[in-house]
Each structure stands twice: as C-alpha cells, then as structure tokens.
Amino acid sequence: MIPPETLRNIPVLTDDRFIMRSVRLSDAPDMFEYGSDEEVVKNLPWGPYRSLEEVESGIEEFFLKRPEKGLPPAYAIVWKENGKMIGTCDFHSVDQENNTGGIGFVLNRDYWNRGIMTRASELLIEMGRSHFNFKGITLDHTPDNEAARRVAEKLGFTEKGMRIHNYMTGQKPRNMVHWEKDFIRS
8 MIPPETLRNI PVLTDDRFIM RSVRLSDAPD MFEYGSDEEV VKNLPWGPYR SLEEVESGIE
68 EFFLKRPEKG LPPAYAIVWK ENGKMIGTCD FHSVDQENNT GGIGFVLNRD YWNRGIMTRA
128 SELLIEMGRS HFNFKGITLD HTPDNEAARR VAEKLGFTEK GMRIHNYMTG QKPRNMVHWE
188 KDFIRS
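Add 7 to a position in the sequence shown, counting from 1, and you land on the number used in my numbering.
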C-alpha cells in the first residue's frame, strides 16, 4: 500500500513547454473546453461534459478524492505560455499486489500532434518509478485510438493482447488493447 503521505505529496513535474501539478477545482473551465469536445472524449468512459457544474462535480468526486481511495492525485498539464490547463495524465489505477500503476491521459485537441502526451507520460512514468517505486506500468486503449498506440510505442511499452468488453464508452462495452512496461526488463 502506498502511504497516504506519499499520495498527498506528489512532486510538480516540469518540461520546457508545460508543468504538471495536481488537478484543482479552478481547472474546471479549461477541462470543460476539452471535455465537451466529442472528438476528444470519444474513447473515454466519461463525457462529453454538458455544463461547467458537471465538470466541477467530476473534479470533486473523481480527482480530489483520489488519495482517500488509495490512488495518486491526477496531474493537470498546464501550458507555460498561457497558463491554460490542457489535459490530464495520471495513474488511474494501482495494482498493490504487482506494484504497478495504470496510466491514462486526455489532451485538448488544440495541442494534439506536438509530442506533449508522450513527454507528459514519460515524466509521469519516471515519477511513478521513483516516487511510488512502481515495478511496471500498464496502459489500455480502444483499438481505434491510434494516438494512444503511438504514445505506448514511443515509450517502449509491449503490447500484451486484447481485453474483451473490458471498458465502457457511452453505454457500450469496448475491447481494450493492453500494454505493459516492466522496469525490471526495460
């Protein structure tokens, strides 16, 4: 079990173009911008958001209560140039038995195809390895999510197979491509 103090005190991560810090309630307007975009959320189990109030409730229930549930806080990706929160990158699950974290991410469409999510995921993975002592990372995505596939490939994940009807988008079950990155072998 990750100690609660370790969960509450995650480091700020930085890159030349962005910083990564814990999600805050004040991120709601920026999260609404990308979370209401059907193209952005089509492969996710939530959204699209219909109101700012819905986003605020989601932040309070899903993001801010994570340490209470034994999960690390989610990182907001904040673009340095304009201070805008452009997405999230986080460990949405922790497998205590195998000491691994499951990574997930979403990014505002205006920032796609710039290598941002690959770099943000790289920073998150290294933090998981050093701060939480994870032995490995998992990543799952829908078969048609080519952007997530490219991130997994660039970061050296190994495709392990397909999880059948393992995920819900909207009201329908979806298959998920499952990837793993084992630090012992990498």
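Here a beta-carbon is modelled for each residue, glycine too, at the ideal position from N, C-alpha and C.
query	result
Nearest candidate by alpha-carbon position, reference I93, set P80, R121 and Q103	R121
Bounding residues of the alpha helix (DSSP H) (the contiguous stretch that carries Y41)	A35 to G42
F25 in three-state terms, based on DSSP	strand
Anticipated Cβ contact below 8 Å, I144 with I110, distance rounded	6 Å
Host beta strand (DSSP E) of R181 (start-end)	K179 to D189
6 Å CB neighbourhood of D147 in its chain, flanking five on each side removed	M183 and H185
Alpha helix (DSSP H) runs wholly inside the segment 53–100, at least 4 long, in chain order	59–65
Cα-Cα separation, L162 to T125	7 Å
Cβ neighbours of K91 in the same chain (closer than 6 Å, five flanking residues each side left out)	D37
Assigned secondary structure, L51 (DSSP; H/G/I helix, E/B strand, else coil)	coil
Helix, strand or coil at R157 according to DSSP, with G and I counted as helix	helix
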